[in-house]
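K.L.:
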Amino acid sequence: MELFLQQLINGMTIGAIYALIALGYTMVYGVIQLINFAHGEVFMVGAYIGLTVITFFGFATGAGFPAALFYLAVILLIAAFLSGALGIFIDQAAYRPIRNSPRLVALISAIGVSFVLQNTVMLIFGPMDKSFPEIIPPVKFIFGEVTLTLMQIVILTVSLAFMVLLYWLVEKTQTGRAMRAVAQDHKMARLVGIHVDGIIRFTFWIGSGMAAVGGVLFGMYYHTINFHDGYLAGLKAFTAAVLGGIGNIPGAMAGGILIGLAEGLGAGYISSEWKNVFAFVILVLILLFKPTGLFGERVADRA
Amino acid sequence: MNPKPKKVPVTLVTVTFFTFFILAGCQEKEPVIKIGVSAPFTGDQASVGLTILNGAQLAVAQANEHGEVIPGYKLKLTPIDDQHNPTQAVTAAKKFVSDPAVLGVVGHLNSSCTKPASQVYFDGRLAQITPASTNPGISKQGFDTFFRICATDDLQGPKAAGFAFNELGARSVFIIDDKTTYGKGLADEFQKVFESMGGKVLGRQGITQGDKDFTPLLTRVRPLAPELIFYGGLFPEASLLIKQSRDLNISASFLGGDGIYDVTLIQLATPAASEGVYATMIGTDIQSLPQARRFVEAYEKKFGPVGSYSAYSFDAANILIEAIRSAGAFDRERVISRLKSGRTFSGILGPTEFDQDGDTKNKIISVFRVKNGKWEHVRTI
């Protein structure tokens, strides 16, 4: 039982990061019906921006917890802001000019962007694994057989906070309502005076920012980051978005956690050799039996 | 838009074409002997692969300082990146084979690359010396072009098992490997001998290279309470396994093969978590050898701290140079027969003599341990 609890914690931690990335997939799909395959790379770039911020400001490891939290806040904000800008740039450069072309064209463009980003990062930061400084102190809490690190608590809290914030933004604010309107019908939204292009830019900004938050947390959790880390994480987050029902925001959150749990429990109880298989088996099953995802593609609510 | 066809590009193409033509002509005229070197220079194993490149570079630079290897020819090193990818390794091997100026190759790093490439070298009658690939099966393929100057896993695995059982006093172990030619092979050898000594293997699991989250697996290992975790694989995954097992409060000792013996491991796993990690290495401690002192000085001056396989690729390149010199002619077949002749080459690792299979007879395994954030030589076993 305690072991099961430990596996749940393991799965939830990585699942929370998948969920943060999945939100970007689902939001962008919501407003322009595009699977933004460059999104995984934005996540990776976010991690590298975080690393650069740490080196630039000389944030030291081994600082006390309050100082560490302050550092984390600065790193997350800068990484999210800049990656958001990158997201807007990607949209303007690679998707906007072909907005009215068939969907496949945009998909190919997205894959191209993904290659460009990977190789740019490789050229700037080098091909090797970069070590990510341990900003959050390596504190462990031990309850019998269950161990919880401070980093895991930080990941779970921060991702939850960002998800609640996003939910509030989409459901309760004027901008959120505009996003939902754009998701329903571009033309109609424009007719009632919504600045559709602005909303699309905003969506890219928020989605990419979320991915960057995930990237920074990912780097801090594993202490290493590599230019090709975005690929697999992005693919799994995409699976999470499809699992929850693409276009559905709470679905993406739940999907991320479920994928993390499936991986954790699968690797823990069945075989670690097949770890990557579990997530993708779920993807295949979902596509075969419930293509709209667990929560359905609630067209009216997608944003 | 201007509908007229532009003329400039045509001129440009012509000029470029002729420039290349002339340059290519120039290259043909300068007589060179080439030694190829191939290892991963990009990708996750780049930091290790570059130690191989640097060692070979130093050897070639020093040889050129001492005059011509074969009169009238200049010696040149040709590096090709294999990216830790068997397909790229085979491509590299084909390039070397098809360039008649190449008389020998130092490479590759990973057994999974060396094995398929060795077939290409054999078919192309080109001598290959690997400085680092330890899988014993490679030299059992009957290729007379294959040579190896490091010890193999059928020695490393048993020695590691002996060290674990006798010196660490471990009676129970959990074995993890990365399912590669090298990692699985090493873990197999370790397991065989550890069990025959009376040790208990509590379980064995494979992981995937490039994966980052091993907490599910380690959570499963923890209640088994092994005294030792043995890992057959490379440092990127090892560093995560070490860090995550310490985070999960697993106190078992950690032992791996030469694949985890790299300074980057300590950086990636954090010095605190990697404290006390053991690694076996396929050779002796280079810092302790008096004949290697000059090499260490020259290397550090040029490239910084000596890496895991720098000395091996330095010796491998020097052995090739020596074989080419004694062959005395531009002839691949004669280079191979010089290496096969059973003569002893003296290098910084000591005397190297190749046996029937092309393996060195100078086989030493030593153990290193992380102490205060640095690899420290424990003993030679």
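Sequence order for the protein chains is A and B.
Residues 271 to 573, numbered by this note's numbering, are exactly what the first sequence covers, in order.
Residues 2 to 382, numbered by this note's numbering, are exactly what the second sequence covers, in order.
Glycine included, every Cβ here is placed at the ideal spot set by N, Cα and C.
Thinking Asp-154 (chain B) and Pro-132 (chain B) are a contact (beta carbons under 8 Å), I'd like their distance in whole angstroms, please.
P.N.:
Translated into positions along the second sequence, residue 154 (chain B) becomes position 153. Translated into positions along the second sequence, residue 132 (chain B) becomes position 131. Contact doesn't hold; Cβ gap of about 15 Å is too wide.
K.L.:
Would Glu-311 (chain A) count as contacting chain B if we go by Cβ distances under 7 Å?
P.N.:
As a first step, residue 311 (chain A) must be located in the first sequence, where it is residue number 41. No, because no Cβ of chain B sits closer than 7 Å to the Cβ of Glu-311 (chain A).
K.L.:
Quick check: the Cα distance between Ala-57 (chain B) and Leu-502 (chain A), rounded to an integer number of angstroms?
P.N.:
Along the second sequence, read from residue 1 onward, the residue named residue 57 (chain B) stands at position 56. Along the first sequence, read from residue 1 onward, the residue named residue 502 (chain A) stands at position 232. One C-alpha to the other measures close to 35 Å.
K.L.:
With DSSP as the reference, label Val-121 (chain B) as helix, strand or coil.
P.N.:
Counted from its first residue, the second sequence places residue 121 (chain B) at position 120. Three-state DSSP puts Val-121 (chain B) in a helix.
K.L.:
Report the residue ranges of all beta strand (DSSP E) runs contained in full by the stretch 269 to 322 of chain B; include only those spanning at least 3 residues, in chain order.
P.N.:
For the stretch 269 to 322 of chain B, whole beta strand (DSSP E) runs of length 3 or above, ordered along the chain, are 279 to 282.
K.L.:
Distance cutoff 7 Å, beta carbons only. Does Gln-292 (chain B) sit that close to anything in chain A?
P.N.:
Start at 1 with the first residue of the second sequence, and residue 292 (chain B) comes out as number 291. It does not; no Cβ of chain A falls within 7 Å.
K.L.:
What are the complete beta strand (DSSP E) segments, minimum 3 residues, inside the stretch 52 to 133 of chain B?
P.N.:
Runs found: 75 to 82, 103 to 108 and 128 to 131.
K.L.:
Going along chain B, which residues have a C-beta under 7 Å from Lys-401 (chain A)?
P.N.:
Here residue 401 (chain A) refers to the residue found at position 131 of the first sequence. The residue asked about is misnamed: residue 401 (chain A) is Ser in this sequence, not Lys. What Ser-401 (chain A) touches in chain B: Gln-268 and Leu-269.
K.L.:
Would you call Val-371 (chain B) buried or exposed, if buried means 16 or more other Cβ atoms sit within 10 Å of its Cβ?
P.N.:
Taking the first residue of the second sequence as position 1, residue 371 (chain B) is located at position 370. It is buried - the Cβ of Val-371 (chain B) has at least 16 other Cβ atoms within 10 Å.
K.L.:
Compute the Euclidean distance between the alpha carbons of Val-301 (chain A) and Asp-467 (chain A), then round it to the nearest angstrom.
P.N.:
Here residue 301 (chain A) refers to the residue found at position 31 when the first sequence is read from its first residue. Here residue 467 (chain A) refers to the residue found at position 197 when the first sequence is read from its first residue. Spanning the two alpha carbons is a distance of roughly 10 Å.
K.L.:
Return the residue from the list B:Thr-181, B:Phe-315, B:Ala-226 and B:Tyr-232 that minimises the CA-CA distance to Gln-192 (chain B).
P.N.:
The residue given as residue 192 (chain B) occupies position 191 in the second sequence. Among B:Thr-181, B:Phe-315, B:Ala-226 and B:Tyr-232, the Cα nearest to that of Gln-192 (chain B) belongs to B:Tyr-232.
K.L.:
If we define contact as Cβ-Cβ less than 7 Å, is Lys-213 (chain B) a contact residue for chain A?
P.N.:
Counting from 1 along the second sequence, the entry for residue 213 (chain B) is found at position 212. Output row for Lys-213 (chain B): interface = yes.
K.L.:
When the Cα atoms are used, what is the spatial distance from Gly-68 (chain B) to Ile-34 (chain B)?
P.N.:
Here residue 68 (chain B) is taken as the residue at index 67 of the second sequence, counted from 1. Here residue 34 (chain B) is taken as the residue at index 33 of the second sequence, counted from 1. Whole-angstrom Cα-Cα distance: 13 Å.
K.L.:
Closest to Asp-83 (chain B) by CA distance: which of B:Pro-352, B:Thr-92 and B:Lys-75 is it?
P.N.:
Locating residue 83 (chain B) in the second sequence gives position 82, where the first residue counts as 1. The option with the nearest alpha carbon to Asp-83 (chain B) is B:Thr-92.
K.L.:
Pull up the CB-CB distance for Gly-108 (chain B) and Gly-37 (chain B), whole angstroms please, since I reckon it's below 8 Å.
P.N.:
Reading the second sequence from its first residue, position 107 is the one you call residue 108 (chain B). Reading the second sequence from its first residue, position 36 is the one you call residue 37 (chain B). The pair is a contact, with the Cβ atoms about 7 Å apart (cut-off 8 Å).
K.L.:
Quick one, which residues of the stretch 185 to 209 of chain B are near chain E if we go by CB-CB under 7 Å, in chain order?
P.N.:
Of the protein chains in the structure, A and B, none is chain E.
K.L.:
Please determine, among A:Ala-448, A:Tyr-492, A:Gly-328 and A:Gly-525, the residue with the shortest C-alpha to C-alpha distance to Phe-508 (chain A).
P.N.:
Your numbering for residue 508 (chain A) matches position 238 in the first sequence. The option with the nearest alpha carbon to Phe-508 (chain A) is A:Gly-525.
K.L.:
Examine chain A for any beta-carbon lying closer than 7 Å to the beta-carbon of Leu-54 (chain B), and answer yes or no.
P.N.:
Counting from 1 along the second sequence, the entry for residue 54 (chain B) is found at position 53. No, because no Cβ of chain A sits closer than 7 Å to the Cβ of Leu-54 (chain B).
K.L.:
Since Ala-416 (chain B) is in the beta strand (DSSP E), which residue starts that stretch and which ends it?
P.N.:
There is no way to answer for residue 416 (chain B), as the model of chain B reaches only from 2 to 382.
K.L.:
Could you spell out where the beta strand (DSSP E) holding Glu-168 (chain B) opens and where it closes?
P.N.:
By one-based count along the second sequence, residue 168 (chain B) stands at place 167. From DSSP, Glu-168 (chain B) is part of no beta strand (DSSP E); its letter is neither H nor E.
K.L.:
Straight-line CA distance for Pro-4 (chain B) to Arg-460 (chain A)?
P.N.:
Reading the second sequence from its first residue, position 3 is the one you call residue 4 (chain B). Reading the first sequence from its first residue, position 190 is the one you call residue 460 (chain A). For Pro-4 (chain B), the predicted structure reports a pLDDT of 49, less than 50, and the residue's modelled location is therefore unreliable. The matter cannot be settled from this model.
K.L.:
Leu-241 (chain B) touches chain A at which residues, Cβ-Cβ below 9 Å?
P.N.:
Taking the second sequence and counting its residues from 1, the one referred to as residue 241 (chain B) is at position 240. Chain A residues near Leu-241 (chain B): Tyr-492, His-493 and Thr-494.
K.L.:
Would Arg-333 (chain B) and Leu-104 (chain B) qualify as a contact pair, given that the criterion is a beta-carbon distance under 7 Å?
P.N.:
Within the second sequence, residue 333 (chain B) is the residue found at index 332, counting from 1. Within the second sequence, residue 104 (chain B) is the residue found at index 103, counting from 1. Yes; because the gap between Cβ atoms is below 7 Å, this pair is in contact.
K.L.:
Beta carbons nearer than 7 Å to chain A: which residues of the stretch 32 to 48 of chain B have them?
P.N.:
If the cut-off is 7 Å between Cβ atoms, the stretch 32 to 48 of chain B has Thr-43, Gly-44, Asp-45, Ala-47 and Ser-48 near chain A.
K.L.:
Once the 5 residues before and after Gly-489 (chain A) are set aside, which same chain residues still bring their CB inside 7 Å of it?
P.N.:
Indexing the first sequence from 1 puts residue 489 (chain A) at position 219. The residues are Ala-317, Gly-320, Leu-321, Phe-402 and Ile-495.
K.L.:
Shortest alpha-carbon distance to Val-70 (chain B) belongs to which of B:Ser-327, B:Phe-123 and B:Ile-366?
P.N.:
Against the second sequence, residue 70 (chain B) aligns to sequence position 69. When only C-alpha atoms are compared, the closest one is B:Ser-327.
K.L.:
Starting from Phe-326 (chain A), follow the beta strand (DSSP E) in both directions and report where the run begins and ends.
P.N.:
To locate residue 326 (chain A), count along the first sequence from 1; it is residue 56. Where Phe-326 (chain A) is concerned, there is no enclosing beta strand (DSSP E), although the alpha helix (DSSP H) it sits in stretches over 309 to 327.
K.L.:
Report the CB separation of Val-174 (chain B) from Leu-229 (chain B) in whole angstroms; it is logged as a contact under 8 Å.
P.N.:
Your numbering for residue 174 (chain B) matches position 173 in the second sequence. Your numbering for residue 229 (chain B) matches position 228 in the second sequence. About 5 Å; that satisfies the 8 Å criterion.
K.L.:
In the DSSP output, which residue or residues are listed as bridge partners for Pro-352 (chain B)?
P.N.:
Here residue 352 (chain B) refers to the residue found at position 351 of the second sequence. For Pro-352 (chain B), which the question treats as bridged, DSSP gives the partners B:Ser-347.
K.L.:
Quick one, which of B:Ile-53, B:Leu-242 and B:Glu-190 has its alpha-carbon nearest Tyr-300 (chain B)'s?
P.N.:
In the second sequence, the residue the question calls residue 300 (chain B) occupies position 299. Here the closest residue by C-alpha is B:Ile-53.
K.L.:
What residues from the stretch 532 to 546 of chain A come within 8 Å of chain B, judged by C-beta to C-beta, listed N to C?
P.N.:
Within the stretch 532 to 546 of chain A, the residues whose Cβ lies closer than 8 Å to some Cβ of chain B are Glu-533, Gly-534, Leu-535, Gly-536, Ala-537, Gly-538, Tyr-539, Ser-541, Ser-542, Glu-543, Lys-545 and Asn-546, listed in chain order.
K.L.:
Considering only their Cβ atoms, is the gap separating Val-121 (chain B) from Ser-309 (chain B) smaller than 7 Å?
P.N.:
Sequence index remark: in the second sequence, residue 309 (chain B) carries index 308 (1-based). Sequence index remark: in the second sequence, residue 121 (chain B) carries index 120 (1-based). No, these two residues do not count as a Cβ contact at 7 Å.
K.L.:
What separation, rounded to the nearest whole angstrom, lies between the Cα atoms of Leu-356 (chain A) and Ala-448 (chain A)?
P.N.:
Along the first sequence, read from residue 1 onward, the residue named residue 356 (chain A) stands at position 86. Along the first sequence, read from residue 1 onward, the residue named residue 448 (chain A) stands at position 178. Their backbone Cα atoms lie some 22 Å apart in a straight line.
K.L.:
Exposed or buried, Gly-334 (chain A), counting other C-beta atoms within 10 Å across all chains shown (16 or more means buried)?
P.N.:
Translated into positions along the first sequence, residue 334 (chain A) becomes position 64. Flag for Gly-334 (chain A) reads exposed.
K.L.:
Say whether chain A places a C-beta atom closer than 7 Å to the C-beta of Pro-217 (chain B).
P.N.:
Mapped onto the second sequence, residue 217 (chain B) falls at position 216. Yes, Pro-217 (chain B) counts as interfacial toward chain A.
K.L.:
In angstroms with no decimal places, state the Cα-to-Cα distance between Ile-582 (chain A) and Gly-44 (chain B).
P.N.:
The requested residue 582 (chain A) does not occur in the structure, where chain A is confined to residues 271 to 573.
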